[in-house]
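Number of protein chains: 2
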Amino acid sequence: MPPFLSISQRLRNTPFTHRVKASGVKAYTVYNHMLLPTVFESVEADYHHLKSKVQVWDVSCQRQVEVKGPDATKLIQMLTPRNLSKMADDQCYYIPVVDETGGMLNDPVAVKHSADRWWISIADSDLLYWVKGLARGRNMDVDVFEPDVSPLAIQGPHSNQLMERVFGEEISSLRFFRHRKVDFNGHSFTVARSGFSTQGGFEIYVEGTENGEPIWDALFAAGQDLDVRAGCPNLIERIEGGLLSYGNDMTREHTPYEAGMGKFCKGAAVKDCIGSEALQRERENGPKRQICHIDIMGKAVPSCEAAWPVTFNGEPAGQVTSAAWSPDFDTNVAIGMIDRAHWDAGTEISVHTPDGRRDAVIKALPFNR
Amino acid sequence: MPPFLSISQRLRNTPFTHRVKASGVKAYTVYNHMLLPTVFESVEADYHHLKSKVQVWDVSCQRQVEVKGPDATKLIQMLTPRNLSKMADDQCYYIPVVDETGGMLNDPVAVKHSADRWWISIADSDLLYWVKGLARGRNMDVDVFEPDVSPLAIQGPHSNQLMERVFGEEISSLRFFRHRKVDFNGHSFTVARSGFSTQGGFEIYVEGTENGEPIWDALFAAGQDLDVRAGCPNLIERIEGGLLSYGNDMTREHTPYEAGMGKFCKGAAVKDCIGSEALQRERENGPKRQICHIDIMGKAVPSCEAAWPVTFNGEPAGQVTSAAWSPDFDTNVAIGMIDRAHWDAGTEISVHTPDGRRDAVIKALPFNR
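So this is what it looks like as structure tokens:
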């Protein structure tokens, strides 16, 4: 039996917590000092439902860092090696954020509203502190703060249908990683086509805690015949899709190159980024290790609660950081950080789980591609 | 029944996690992306044991931010209004850390090793990012990083006895919030007289993950006849003692004055602090609300999982953020943030718990004083 979670004010409730509880949440994790559901019926049942129906996810823990003012774009470009110069005002960019050593501090989605107003939709670290620290240190002309904005994700193959019913048919024309405003009950919310699954879907940036329950209720009322359910990022599905989890698969100890994000580190913008010199060296030398998708043989592996060592012919070769039994692929899907000498697709490695050694193979692509 | 916690690599293990599990931990919270035990036998049984015996606490989640280099002391003084100019190299100071608005970013303990080397032993926020951001923004001559240091707390009335048996009699002469080096198995560790209880005790800053289990085992071997047990910060005991919990009782929304830390904001050093102007205004006007110790009447209150509204004659008067039934005081002990008009000792207020309204009284001091 897993341990219990002691809930306190410090593990913040969300605008949707009452609805999540009423939907029968069984387990949480803690993400950005906030409750993030992990299980409703079971991880496997939730998985099958996500891949065939539509779910509503409380991902309020994807907190926003709002950067507002004349220096906003300049500051955002200091954070990341990704070139933002061609980004439109309705675009979202996945941006690795690095420090002066090139180590990743977060892997958020930047949501550009205008040149002087951005949201950074963050993974699990207090990126607000880094952005505020830089802004104060350089006396930049920006405000940096956490607004009352809580993303609600609509994910799954029927997400277009559900969204059309609540926000009108035109929402389906929204392109991937673009955002626009929608009206609801006299309020205007930013909606993006995005989300932490590969089943398709949207994220509604709900502004104002008081608007959380009405929008949740409207989605459930509209989607009853679609079998809409409360869900959450699903461990199995996200590994199948190759989606990385900051803190699990990569940390401050890793560069974007090691995280397989070299394509975001090209071009002139690198020079404006705090980590430009370190990343330049990494680009020339190549990373020493890199994120790989890994197929672990045999029966279902246990829960991966801490990194599992990987060896090649008995020598250390890296670690596995996420793993789960996949019913659809009939194998254990996994993500790990593998040393350069052993990262080629097809390499046969050993993964040392708490239940013993397993044979495993490096894959060229995520499982679902 | 409380919900389960889904454990993953992102919720970091500590050097002591195996021993904590073997000791029968039942529940955790998550603190600085790390597992922090909350219950062994039960919160009440753990409480009685803590107040009569001696416990060993895995408080690795009090991560260290190491600041090293010629500008170290200058940078630390930028973080806090507390005057550090008279601090000796063997002292620990409790320092509110504020941003430019005077809002609290953390309430760590600063451990001074020398003018150019400090540890900041942090509460639950990524203070590393703020300190790094300021250092980079100002191009200061310091390294800022998280070292492999995991505090282990020895708390309870028999803590002197246990520490003497493992580290020699002289350890008992260590004064409150002073630190010194002790030898263990050929290693040298910093030990401070400190800890998040008011039962007396020490914190051992264990350097090197590999040293965690040997030191844990030595303490348990030496303390068998003292009935030493694995423990953790205890909700009831810390409220009785008036110890504040960052994220529960105060947040970025609150100033040090509101958190009752006005005594740390005096003197010339305020000028060097990032938040000096904002704090100067707060000092002149006085805070609008302040931390209070609160006695809640009636039977045991439910678990305080989110702030409870406080009213005075039906008007909003603040909130309660921590509360628990105290067997020793035979009442519900609580901490809350109360508006200026109602914070005088003896004021009768209403606390609105999920189980209904309760009569309550503001106290002049924490329960154990």
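In order, the protein sequences belong to chains S and Y. With numbering that gives the first Met the number 0, the residue at position 339 of the first sequence is 338, and numbering never jumps. With numbering that gives the first Met the number 0, the residue at position 26 of the second sequence is 25, and numbering never jumps. Every residue, glycine too, gets a C-beta built ideally from N, C-alpha and C.
Are the beta-carbon atoms belonging to residue i and residue j less than 8 Å from one another?
i	j	result
GLN61 (chain S)	SER120 (chain S)	yes
ASP382 (chain Y)	LYS111 (chain Y)	Coverage of chain Y is limited to positions 0 through 368, which leaves residue 382 (chain Y) absent and any answer about it impossible.
GLN8 (chain Y)	ALA305 (chain S)	yes
LYS73 (chain S)	TRP129 (chain Y)	no
GLY240 (chain Y)	PRO156 (chain Y)	no
ARG116 (chain S)	LYS67 (chain S)	yes
ASP248 (chain S)	ILE290 (chain S)	yes
PRO95 (chain Y)	PHE263 (chain Y)	yes
ILE15 (chain S)	ASP57 (chain S)	The amino acid at residue 15 (chain S) is misidentified as Ile; the sequence shows Phe. A contact, by the Cβ cut-off of 8 Å.
PRO146 (chain S)	GLN90 (chain S)	no
ASP123 (chain S)	ASN12 (chain S)	no
ILE295 (chain Y)	ASN331 (chain Y)	yes
ALA71 (chain Y)	ALA109 (chain Y)	no
PHE3 (chain Y)	LYS25 (chain S)	yes
TYR92 (chain S)	MET86 (chain S)	yes
GLU236 (chain Y)	LEU83 (chain Y)	no
ARG164 (chain S)	PHE39 (chain S)	no
VAL148 (chain S)	VAL205 (chain S)	yes
For a contact defined as C-beta to C-beta under 7 Å, what are the partners of residue i on chain S?
i	result
HIS112 (chain Y)	Within 7 Å Cβ-Cβ: nothing; HIS112 (chain Y) doesn't reach chain S, min ~23 Å.
HIS351 (chain Y)	Per Cβ cutoff of 7 Å: no residues; HIS351 (chain Y) is ~14 Å from chain S at best.
GLY136 (chain Y)	GLY132, LEU133, ARG135, GLY136, ARG137
ASP125 (chain Y)	SER124, ASP125, TYR128
What would DSSP say about residue i, mapped onto helix, strand or coil?
i	result
GLN54 (chain S)	strand
SER158 (chain S)	helix
LYS265 (chain Y)	coil
GLU202 (chain Y)	strand
LEU49 (chain S)	helix
THR208 (chain S)	helix
ILE361 (chain S)	strand
PHE166 (chain S)	helix
HIS186 (chain Y)	strand
VAL24 (chain S)	coil
ARG339 (chain Y)	helix
LYS180 (chain S)	strand
SER171 (chain S)	helix
LEU225 (chain Y)	helix
Locate the alpha helix (DSSP H) running through residue i, then write down its first and last residues.
i	result
ASN284 (chain S)	275 to 284
THR72 (chain Y)	71 to 78
PHE219 (chain S)	211 to 221
ALA134 (chain S)	126 to 136
ILE238 (chain Y)	234 to 239
Which chain S residues are close to residue i, counting only those with a beta carbon under 9 Å from its beta carbon?
i	result
GLY246 (chain Y)	SER7, GLN8, ARG9, LEU10, ARG11, HIS32
PHE3 (chain Y)	MET0, PRO1, PRO2, PHE3, LEU4, LYS25, ALA26, TYR27, THR37, VAL38
ILE273 (chain Y)	ARG135
Output, in chain order, the set of chain S residues within a Cβ distance shorter than 8 Å of residue i.
i	result
CYS303 (chain Y)	SER7, GLN8
I want to verify the contact list: residues of chain Y whose CB lies under 7 Å from the CB of residue i, in sequence order.
i	result
ALA306 (chain S)	GLN8
ASP98 (chain S)	LYS131
Report the neighbours of residue i on chain Y: residues whose CB is nearer than 8 Å to its CB, in chain order.
i	result
THR320 (chain S)	GLN8
LEU104 (chain S)	TYR128
How far does the beta strand (DSSP E) with residue i in it extend, from its first residue to its last?
i	result
ALA21 (chain S)	From DSSP, ALA21 (chain S) is part of no beta strand (DSSP E) but of the alpha helix (DSSP H) over 16 to 21.
GLY317 (chain S)	314 to 325
LEU35 (chain S)	33 to 38
MET103 (chain S)	103 to 105
MET260 (chain Y)	Per DSSP, MET260 (chain Y) belongs to no beta strand (DSSP E) and is neither H nor E.
CYS291 (chain S)	288 to 295
TRP117 (chain Y)	116 to 120
ARG368 (chain S)	Per DSSP, ARG368 (chain S) belongs to no beta strand (DSSP E) and is neither H nor E.
TYR92 (chain Y)	91 to 93
PRO308 (chain S)	307 to 311
ILE348 (chain S)	347 to 352
Can you pull the chain Y neighbours of residue i, defined as C-beta to C-beta under 9 Å?
i	result
TRP215 (chain S)	Neighbours of TRP215 (chain S) on chain Y: none; closest Cβ ~18 Å, over 9 Å.
Distance cutoff 8 Å, beta carbons only. Does residue i sit that close to anything in chain A?
i	result
ILE273 (chain Y)	You won't find chain A in this structure, because its protein chains are S and Y.
Cβ contact check for the segment 99 to 118 of chain S and the segment 272 to 292 of chain S: 3 or more pairs under 8 Å = Three or more Cβ pairs drawn from the segment 99 to 118 of chain S and the segment 272 to 292 of chain S lie within less than 8 Å of each other, which places the two stretches in contact.
Closer than 8 Å is the cut-off here; do at least three beta carbon pairs connect the segment 287 to 301 of chain S with the segment 320 to 329 of chain S? yes
For the segment 218 to 226 of chain S against the segment 180 to 193 of chain S, do three or more pairs of beta-carbon atoms, one drawn from each stretch, fall closer than 8 Å, so that the two count as touching? no
Review point. With a cut-off of 8 Å, do at least 3 Cβ pairs link the segment 246 to 259 of chain Y to the segment 196 to 204 of chain Y?
Key: no
### Task
Evaluate the contact criterion for the segment 164 to 180 of chain S versus the segment 19 to 28 of chain S: three or more CB pairs, one atom per stretch, below 8 Å.
no
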